[in-house]
Structures are given as structure tokens and as C-alpha cells.
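Heads up: the sequence shown is residues 38 to 576, going by the numbering used here.
Ideal Cβ positions, reconstructed from N, Cα and C, are used throughout, including at glycine.
Quick caveat: nothing in here was measured; it's all calculated off a predicted structure.
Take a look at the structure below.
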Amino acid sequence: MSLRRLLARLALVVVALLTVLAPAQLASAHAILLTSEPAPSAILDQSPTEIALFFNEAVDTVFGRVRILDSSGNVIQIVKPIRDAANQSIVRAPLSSLDEGTYVVIWRVASADSHPVQGSFSFQVGNRSTDVSAISNGQVLERHGLASLFDVIRWVTYLGVVLLIGGIGLLQAVRTDRLSPRSTLALVGGWAFAALGTLEGLIAYGPHVSGYKIYRAVDLSLLSETLTTQYGKMQLVRLVLLGIIGALIAVIQFRGTWWWKFGAWASLVGVTLTLSLAGHPVATNPVVLSVGLDMLHMLAVSLWVGPLLIIVYDRNMWLASDESMSAPSLQWFSRTAGFAVPVIVLTGTLQAWLMMDGLGDVLENRYGRTLIVKVCLVIVLVALGGVSRVAMQRKQSGSLRQSMGIEVLFGLIILALTSALVAMPQQGVLQPAPLSSTIFQGQMIVELSLTSARVGQSEVHVAIASADGTFVQIESATARLSMPSRNIPNGPIELEETGPNHFSGVTEFAYSGEWILEVLVKQTSSSTTLLKIAVEIIK
Numbered sequence: 038m039s040l041r042r043l044l045a046r047l048a049l050v051v052v053a054l055l056t057v058l059a060p061a062q063l064a065s066a067h068a069i070l071l072t073s074e075p076a077p078s079a080i081l082d083q084s085p086t087e088i089a090l091f092f093n094e095a096v097d098t099v100f101g102r103v104r105i106l107d108s109s110g111n112v113i114q115i116v117k118p119i120r121d122a123a124n125q126s127i128v129r130a131p132l133s134s135l136d137e138g139t140y141v142v143i144w145r146v147a148s149a150d151s152h153p154v155q156g157s158f159s160f161q162v163g164n165r166s167t168d169v170s171a172i173s174n175g176q177v178l179e180r181h182g183l184a185s186l187f188d189v190i191r192w193v194t195y196l197g198v199v200l201l202i203g204g205i206g207l208l209q210a211v212r213t214d215r216l217s218p219r220s221t222l223a224l225v226g227g228w229a230f231a232a233l234g235t236l237e238g239l240i241a242y243g244p245h246v247s248g249y250k251i252y253r254a255v256d257l258s259l260l261s262e263t264l265t266t267q268y269g270k271m272q273l274v275r276l277v278l279l280g281i282i283g284a285l286i287a288v289i290q291f292r293g294t295w296w297w298k299f300g301a302w303a304s305l306v307g308v309t310l311t312l313s314l315a316g317h318p319v320a321t322n323p324v325v326l327s328v329g330l331d332m333l334h335m336l337a338v339s340l341w342v343g344p345l346l347i348i349v350y351d352r353n354m355w356l357a358s359d360e361s362m363s364a365p366s367l368q369w370f371s372r373t374a375g376f377a378v379p380v381i382v383l384t385g386t387l388q389a390w391l392m393m394d395g396l397g398d399v400l401e402n403r404y405g406r407t408l409i410v411k412v413c414l415v416i417v418l419v420a421l422g423g424v425s426r427v428a429m430q431r432k433q434s435g436s437l438r439q440s441m442g443i444e445v446l447f448g449l450i451i452l453a454l455t456s457a458l459v460a461m462p463q464q465g466v467l468q469p470a471p472l473s474s475t476i477f478q479g480q481m482i483v484e485l486s487l488t489s490a491r492v493g494q495s496e497v498h499v500a501i502a503s504a505d506g507t508f509v510q511i512e513s514a515t516a517r518l519s520m521p522s523r524n525i526p527n528g529p530i531e532l533e534e535t536g537p538n539h540f541s542g543v544t545e546f547a548y549s550g551e552w553i554l555e556v557l558v559k560q561t562s563s564s565t566t567l568l569k570i571a572v573e574i575i576k
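Printed below as a string of C-alpha cells:
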């Protein structure tokens, strides 16, 4: 089969599968908490009956949980949240009665792309105020061991899929009746890696999203719930497709027949679809385009890196002598790699543009910086590929073996970076959407919070208390906002008293970057306190 015909058929299968299986709804990266009830830093006269969380997109609560911590950091309630029947972007967690005091809410759910997201905020019942910012920040930044384990699981899965797709493409180009034991072992090893990684992901997903420690990875009681999630369903479908591919590998001597080719390539394209539907593309606008780009990117990478791994592993078959440089299989690989590189660059650039909403902030978050490192390594890999092509044309098997060996090393590193990128938020959205800060001024404690630290509208909440817990008499509180970097002068924020020493208002952040928020607290006609804080607003 020619390269052009192979890629045309793969594209047709991709389009058909997208039409049938890809979700139609629009989404946007990781879920973002827009606001909550109670609002961050709210002061309530009595205990709330529930915690309500309002997200920008539908979220999954199968493994979600809401923890309530007291001012000492002790967990006093753990509640399994449920989605609102009328709106799946709203999550509710019923609460038991709370005594007077300050409490921290630690929430954790899964976003549309199956990745866990979490955050925290505080509220107060009655007049007893305590600084809980250290508790809140420490809890939300906690990274469990399963996050690192999932990076390894994804790397194993991707390596297996790359070996399968590239290996089947390469071995179909071989015209001999029998394959070498090492090449056959590489193909079987790719199948085993893909199956093992998928099975490990299926088992470990529940503990991972639940935020449990690494020793809970073997807790099979969560498996049935995993199968009700989008991620679990995709892992199960992938295992079925890998079963079909395993059966075809067992009769690989028929790889020249139409039914073997159709079954193998349709199953492989289906495997790439399950990877896309369980990751970032399913939560990127527009979904169908993002999923299609991700699949084509994965197929192109596999048809380049997969054969490379097998050729280097089985160099006695592929690179045994200078005469082997003109073998049809190596010529096929050279043509395929030459075509795959521009496809990889094009689909990767478009996908990054969609996921990051443009490339202007590529240096502003961890995802963008890691992506730049990956691009640099790909450039090195392309350069090494050029060296290998020259060596092959000159029939220099020694030079070719050396350059391709280095290519393999870079290819494995790039796969590892890809595995890590899958778990990273593309626009820094894992930062808690609300912003909360405690300011100490003499004997006065001011709790300042924004319901959203993002460009657009946000509620401002100011709560004032005394350091010794006694009630502070406040005449009024006003606020103003400026952005020195853009020469935006102070503009007033209308604040209304919504409770004892609790003031609220609404403002608009027109740009991302650092804003200066000032609060003027008037205790008496002759006593006014100015508090100033810099807030970082993201897109």
C-alpha cells in the first residue's frame, strides 16, 4: 500500500469515527470555579445548609468530594457532592450544622477532560474570625503520589500505541514471508505496553481523581464507578480494540489481505480516538476539530517514531549492511517520516492555538513553557532525521545506526513530555478561580476576596474583624481599583453593607495582569485606614 493511499484511508476513518462518536457540546479546558454559595469570605448569621459550587462547564462528581475544615485545620465534615438536576455545571454538597467560627472549604471534582481540579475558599459563621489562609493554601496545593504515577501510566500507554501504529505500518512494508523474532517481539511488546498502561489507568483513575494517596491505587472497589465516567468508558473501549489488534497480530502472516489491513487500521485509529476523548481535546473548543487534530497528530508521530524504535531495536535486520540502505522498508520509512513531520508541526501548532486561546501567553504558565521545551526537542529530532536521511542515501550504515540511536533517545523524552502535558492546565486554570487574602492592620483583620480573579466581572467582598475576636464598629468602607502598567487611574467600586462589617460590590477587570485594589475603612469621622493589595488577574 502506498503512503498516499494509507494516509487517505486513515483520514477517512478519522472523519467517520468523529462523526459517530465525538461529543457535540462545546467546552473549554479544565473546569473553572466561577463563584460559590456561601461566597468566599462571606460572614453568615447562621450555618449554611449546603455548599453550592458554580463552574463554567459541566463537571463530573463520581469521585468528587467537599471537605470542611475548622480554623485549626481539622476535617469536621466530608461530603460527596452531587450535580444539580437542572444544570450539570452546578455542584451541591449538603452540610450538617456548623458552630460559630471560620471554616475552609476544600473541593475536588473532575473536569470534562477527565482531569481532577480542586480549590478552596473560606467563610465565617457568626462574629468569631480567624486567619485560615495558610490552611487553605496548603490544602489546595497538595499533590498526591498518584499524579506522578499517572504520568508514568500515560507514558507507557503512549509508547505502546506508538510502537503498535508505527510497527504495523513498517511490517506491512516488508515483503518477506517471515518476520525477524526481534521485530515481532517489538510489535508484541507495543501491544503489551498499550494494554498494560490502559488497564493500569482504569484501575488507578478512581483513587487519582478522589485525591487518595498512592497506596489506594490497588483499591478495586472504585473500579465500577470508574466505568461510569467518560475516562473509564474510553479505557474499556481501548481494551476491546487492543483485543482485536492482538488477535490480528497472532495471524500477522495474513497482513497483506484486505480484511487484515482494514481490521488493523480501523482498530488503531479507534485507539487514537479513545486517547483524544479521554484528554484535553474533548474539553477544547471546537471539540470535533480539536479531537481530529489530536488524532492526526498522534498518527503522524506514531508513523515516524514507531518505525524508528523498531529499526534501532532490530538493527541486525534493518541496518545490517550498506546494501540494506536501499531496502523498500527503509525507503518507505524515509518517505513516511518526510511526510509526517509537516503534519506533526501543523496539527501541533493548531492544537496549541486552540487549547491556549492563542499563543500570546505561551510563557505565562507551566503548560506553555513545557510545550516550548517539547518543540525544541522536536526540532533537534528533525535535524537528526536529516542526518539519518543523508547517511541512508550514502549507504553509511554505521553513521545511520549512530544518528538513529540518538533519535530514539529524543523520541522517548518527547513522549515523556507529552505524557506530562496531558495533565497540565493549558491556561493556568487550576489556580483557584476565587482570590482570597487576609490583611492585618494593627488590631484590625480585613478579609478581602474576589469571586473570580479572571478578566471580566467579579464580586468584591470585604469582611472586617478584630484580632482578638471582638466586634469592630465600622462606619463605612469604600474601594477603588487601578492598573499602573496600563496607566489606568483609580476608579471607585461601589460597596454595600450586606452584613455586620461585611461589604460587597461588583467590578470589571478589562485586562489580565497586576491590578492594585485599595480599601478605605472608616471607623470614626477622624479615623480612616487605607489597605492596599496587588491582585493578579488571568485571562
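Find out if the Cβ-Cβ distance for the pair W228, L196 is shorter than 9 Å.
-> Position 191 of the sequence shown, counted from the start, is the residue given in the question as residue 228. Position 159 of the sequence shown, counted from the start, is the residue given in the question as residue 196. With contacts defined as CB atoms closer than 9 Å, W228 and L196 fail to qualify as a contacting pair.
How is the alpha helix (DSSP H) around S339 delimited, first residue to last?
-> For the purposes of this step, residue 339 is taken as the residue at position 302 of the sequence shown. Looking at the DSSP string, the run of the alpha helix (DSSP H) that includes S339 is 324-350.
What does a CB cutoff of less than 8 Å around D256 pick up in its chain, not counting 5 residues either side in sequence?
-> Numbered from 1 along the sequence shown, position 219 holds the residue referred to as residue 256. If you ignore the 5 residues before and after D256, its C-beta comes within less than 8 Å of the C-beta of G243, P244, Y249, all in its own chain and listed in chain order.
Beta-carbon contacts of T263 that lie in its chain and below 7 Å, excluding the five residues immediately before and after | Locating residue 263 in the sequence shown gives position 226, counting from the first residue. Excluding residues within five positions, the ones whose Cβ falls inside 7 Å are L239, Y242, G243, G269.
Output the boundary residues of the alpha helix (DSSP H) element that contains K569.
-> Reading the sequence shown from its first residue, position 532 is the one you call residue 569. Segment 564-574 is the beta strand (DSSP E) holding K569; no alpha helix (DSSP H) there.
Assess, as a yes-or-no matter, whether the region 546-553 is touched by the region 564-576 under the definition of 3 or more beta carbon pairs within less than 8 Å.
-> The region 564-576 is in contact with the region 546-553.
Could you give the C-beta distance for E484 and S78, rounded to a whole number, given that I count them as a contact under 8 Å?
-> Residue numbering aside, residue 484 sits at position 447 when the sequence shown is read from its first letter. Residue numbering aside, residue 78 sits at position 41 when the sequence shown is read from its first letter. Between E484 and S78 the beta-carbon gap is near 4 Å, inside 8 Å, which marks them as a contact.
Nearest neighbour of P318, chosen from R426, Q560, W552, S148 [CA to CA] | Position 281 of the sequence shown, counting from 1, holds the residue named residue 318. Closest in C-alpha terms to P318, from the list R426, Q560, W552, S148, comes S148.
Can you grab the Cα-Cα spacing for the pair N322 / D331, in whole Å?
-> Here residue 322 corresponds to residue number 285 of the sequence shown, with the count starting at 1. Here residue 331 corresponds to residue number 294 of the sequence shown, with the count starting at 1. Between N322 and D331, the C-alpha separation is close to 13 Å.
Where does S258 sit, in a helix, a strand or coil, going by DSSP?
-> Indexing the sequence shown from 1 puts residue 258 at position 221. Residue state, collapsed to three classes: helix.
What are the boundary residues of the beta strand (DSSP E) that V319 is part of?
-> Translated into the one-based positions of the sequence shown, residue 319 becomes position 282. First-last for V319: undefined, no H or E at that position.
List the endpoints of the continuous beta strand (DSSP E) containing F100.
-> Position 63 of the sequence shown, counted from the first residue, corresponds to residue 100. 97-106 is the extent of the beta strand (DSSP E) around F100.
Closest by C-alpha distance to T561, when choosing among L81, I553, A514 | Counting from 1 along the sequence shown, the entry for residue 561 is found at position 524. Ranking L81, I553, A514 by Cα distance to T561 puts A514 first.
Start and end residues, alpha helix (DSSP H) containing T221 | For this step, residue 221 is matched to residue 184 along the sequence shown. T221 -> alpha helix (DSSP H) spans 218-247.
Taking the C-alpha atoms as reference points, what is the distance between F370 and L487?
-> Residue 370 sits at position 333 when you count from the first residue of the sequence shown. Residue 487 sits at position 450 when you count from the first residue of the sequence shown. Straight-line Cα distance between these residues: approximately 56 Å.
Local conformation of P77 per DSSP, three classes = On the sequence shown, position 40 is the one that residue 77 refers to. P77 falls in the coil class under three-state DSSP.
Could you please give the first and the last residue of the uninterrupted beta strand (DSSP E) stretch that includes Y140?
-> Within the sequence shown, residue 140 is the residue found at index 103, counting from 1. For Y140, the uninterrupted beta strand (DSSP E) run begins and ends at 138-147, by DSSP.
Just checking, does the region 115-131 make contact with the region 149-157 on the three C-beta pairs under 8 Å criterion?
-> No, because fewer than three Cβ pairs between the region 115-131 and the region 149-157 fall closer than 8 Å, the two stretches do not touch.
Quick one: is R431 buried, meaning 16 or more other Cβ sit within 10 Å of its Cβ, or exposed?
-> As a first step, residue 431 is located in the sequence shown; it is residue number 394 there, counting from the start. It counts as exposed.
Whole-Å CB distance - V116 paired with R102, under 8 Å assumed = Here the question's residue 116 lines up with position 79 in the sequence shown. Here the question's residue 102 lines up with position 65 in the sequence shown. Contact holds; Cβ gap of about 7 Å.
Where I286 and G300 are concerned, what is the direct C-alpha to C-alpha distance, given to the nearest angstrom?
-> In the sequence shown, the residue the question calls residue 286 occupies position 249. In the sequence shown, the residue the question calls residue 300 occupies position 263. Looking at the two C-alpha atoms, the distance is approximately 11 Å.
Distance between beta carbons of F100 and V246, contact taken as under 8 Å | Within the sequence shown, residue 246 is the residue found at index 209, counting from 1. Within the sequence shown, residue 100 is the residue found at index 63, counting from 1. Yes, V246 and F100 are in contact; Cβ-Cβ is about 4 Å, under 8 Å.
Contacts around P75, its chain only, beta-carbon distance under 8 Å, and the 5 residues preceding and following it disregarded = Reading the sequence shown from its first residue, position 38 is the one you call residue 75. When the five nearest sequence neighbours on each side are left out, the beta carbons in the same chain lying within less than 8 Å of the beta carbon of P75 are those of L81, P85, I88, F160, in order along the chain.
Between the Cα of L224 and the Cα atoms of A420, P344, V142, which residue gives the shortest distance?
-> As a first step, residue 224 must be located in the sequence shown, where it is residue number 187. Among A420, P344, V142, the Cα nearest to that of L224 belongs to P344.
At which residues does the beta strand (DSSP E) containing V116 begin and terminate?
-> Counted from its first residue, the sequence shown places residue 116 at position 79. That run of the beta strand (DSSP E) goes 112-116.
Kindly indicate which three-state DSSP category I553 falls into: helix, strand or coil?
-> Translated into positions along the sequence shown, residue 553 becomes position 516. Strand.
Buried versus exposed, by CB contacts within 10 Å (16 or more), Q388 = Mapped onto the sequence shown, residue 388 falls at position 351. So Q388 counts as buried.
Taking C-beta to C-beta, are D351 and S456 nearer than 9 Å?
-> Residue mapping note: residue 351 aligns to position 314 of the sequence shown, counting from 1. Residue mapping note: residue 456 aligns to position 419 of the sequence shown, counting from 1. One thing to note: D351 has its Cβ no nearer than 9 Å to the Cβ of S456.
Where L54 falls: helix, strand or coil (DSSP) | Position 17 of the sequence shown, counted from the first residue, corresponds to residue 54. Unreliable placement is indicated for L54, whose pLDDT of 42 sits below 50; the coordinate value is still reported in the next sentence. In the structure shown, the three-state DSSP call for L54 is helix.
Assigned secondary structure, S474 (DSSP; H/G/I helix, E/B strand, else coil) | If you number the sequence shown from 1, residue 474 lands on position 437. Reduced to three states, the DSSP call for S474 is strand.
Please report the residue range of the beta strand (DSSP E) in which I289 lies.
-> Within the sequence shown, residue 289 is the residue found at index 252, counting from 1. I289 -> no beta strand (DSSP E), and no H or E assigned at all.
CA-CA distance, I31 and F230?
-> In the structure as shown, the chain starts at 38 and stops at 576, and residue 31 therefore has no counterpart that could be examined.
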